[in-house]
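Sequential numbering of the sequence shown, starting at 130, is according to the numbering used here.
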Amino acid sequence: MRVEGRLASERRRPSPERSTKRRRRSGSMTTRVQTLFETCKEVFADGQAGTVPSPEDVDRLRFVLDNMNGLDVGVAENMPYFRNKESGGTPRITYLHLYERDKFSIGIFCLPPSGVIPLHNHPGMTVFSKLLFGSMHIKSYDWVDIPQDSNDVINPAQSARPPEVRLAKVKTDAIFTAPCETSILYPADGGNMHCFTARTSCAVLDVLGPPYSDSEGRHCTYYNDFPYATFPGAADVAPGEDEGYAWLEAREKPDDFIVVGAKYRGPRIVER
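Take a look at the structure:
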């Protein structure tokens, strides 16, 4: 809009009244994507790994995302990204890149029915995930860290399990259907490790602060999860609570997890 305004002013000098009306019209046309971008710039101004935005900033960004849907980013269920073209196995996922700098990133994951984003972590990050449309199952975990002198219900016995697996507590295990509230995870809680499984065509708008960075040690790790009963005696959990825990084992990125990039064609973000 600013470019068009400059071109118009070069053709003729508008009256002050006309200029005021044009500015009002321009201001009223700010897209929700632009509002999201501007809010992210403020919320993630610090941009440091492990730094959690204030509760007030979390609420501000959550409010913006809660009021967004597929139309705001130019994404609809009839697009080819959401057609399952695979004859067998897990369908590929499409990623639409909106923005990324050192402090935060914005992108959209497009999942066909039965599409899966496998269990993975978000080291030192605060992540906002907004389901724009569709229905998906989300399962998430947080690590269980017990102090040496703890008398809590979990008392790890290291010799009873392989050293490469670690105890985690289930944070979320539920089906979400749009419209629904934005999911938020934090560096140490909120379900920092999660898995998405699409029940229908789904689009998920993700905001990561800060984004992944191999050079800064924020690389994505994938996991296998095992029921708590897989390693009996490795930890003592109160009776009836064992289903709330699992053992996680780091793994390589699954071969059948394929993400392809596509051009974002929704309202553009203007840096200013």
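We put the CB at the ideal spot given by N, CA and C, even for glycine.
- Which of helix, strand or coil DSSP assigns to V181: coil
- Just checking my contact of H249 with Y351 at CB under 8 Å: how many whole Å lie between their CB atoms? 5 Å
- Given that a residue counts as buried once 16 or more other Cβ atoms are within 10 Å of its Cβ, and exposed if not, what is G373? exposed
- May I have the straight-line CA-CA distance separating D302 from V389, to the nearest angstrom? 27 Å
- Query: Would you call L194 buried or exposed, if buried means 16 or more other Cβ atoms sit within 10 Å of its Cβ?
  - Reply: buried
- Message: From the DSSP secondary-structure annotation, give me the bridge partner or partners of A391.
- Response: L225
- Does DSSP classify E381 as helix, strand or coil? coil
- Item | Whole beta strand (DSSP E) elements within the stretch 196–278, 3-residue minimum | 222–229, 234–240, 245–249, 255–262, 264–272
- Task: Using the DSSP secondary-structure output, state which residues sit across from N353 in a beta bridge.
- Result: E378
- Query: With 16 other CB atoms within 10 Å as the buried threshold, where does H323 fall?
  - Reply: buried
- The beta strand (DSSP E) with R295 in it runs from where to where? 294–306
- Task: Would you check if the stretch 328–341 and the stretch 163–176 touch, i.e. whether three or more CB-CB distances between them fall below 8 Å?
- Result: yes
- Beta carbon of M197 nearer than 7 Å to that of R161: yes
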